[in-house]
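Novice:
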Amino acid sequence: MEKKLVRGLSVVAFGFVVLIFSACPSDAVTCDEATKSLDPCQNFLVGDGADPSLFCCRCLQSILDHVGTPETRRDLCECYKKAAAEGGVKIDKAKKIFESCKISNPVPIDPNVDCSK
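Heads up: the sequence shown is residues 4 to 120, going by the working numbering.
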């Protein structure tokens, strides 16, 4: 009986891990995918969440893992800039999300950023 329970819980845990990684975009990233990567971060960026969730951090890292060229980085910056302006992002939280997630070399999520730099 206990073996069935443990096996069932293992299957559920594995399914959850697969779900987390499949929900984050991979390969070439479009602006739509990049914007969707912010969905798990909404409680932190626009809500009253004190810290970004692990899921949020993993999705942000997944996006940044695919920023290989200056052009891609600039495009992502413009995408996040627009999303921040339209989505009611709290700028103070957006500025510290990458530090909170321990992500280096971030692309800013800020409606006032100059993406050409």
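Heads up, the beta-carbon is just placed ideally off N, CA and C, and yes, glycines get one too.
Would the segment 30-44 count as touching the segment 58-76 if we require 3 or more Cβ pairs under 8 Å?
Specialist: Contact between the segment 30-44 and the segment 58-76 is present, because at least three Cβ pairs lie under 8 Å.
Novice: State the DSSP-derived secondary structure class of Lys84, mapped to helix, strand or coil.
Specialist: Three-state result, Lys84: helix.
Novice: Just to confirm, is the Cβ distance from Asp123 to Tyr83 under 9 Å?
Specialist: Residue 123 lies beyond the residue range present for the chain, which begins at 4 and ends at 120; the question has no answer from this structure.
Novice: Taking the straight line between their C-alpha atoms, what separation do you get for Lys105 and Ala53?
Specialist: Each residue's Cα considered, the two are about 15 Å apart.
Novice: Rounded to the nearest angstrom, what separates Lys120 and Asp51 at their Cα positions?
Specialist: Taking the straight line from one Cα to the other gives about 31 Å.
Novice: Can you give, in chain order, each stretch of the alpha helix (DSSP H) that sits fully within the segment 86-114 and has at least 4 residues?
Specialist: Entirely contained in the segment 86-114, the alpha helix (DSSP H) runs reaching 4 residues are, in chain order, 94-103.
Novice: Which residue marks the beginning of the alpha helix (DSSP H) containing Lys120, and which one marks its end?
Specialist: Segment: none, Lys120 is in no alpha helix (DSSP H) and carries neither H nor E.
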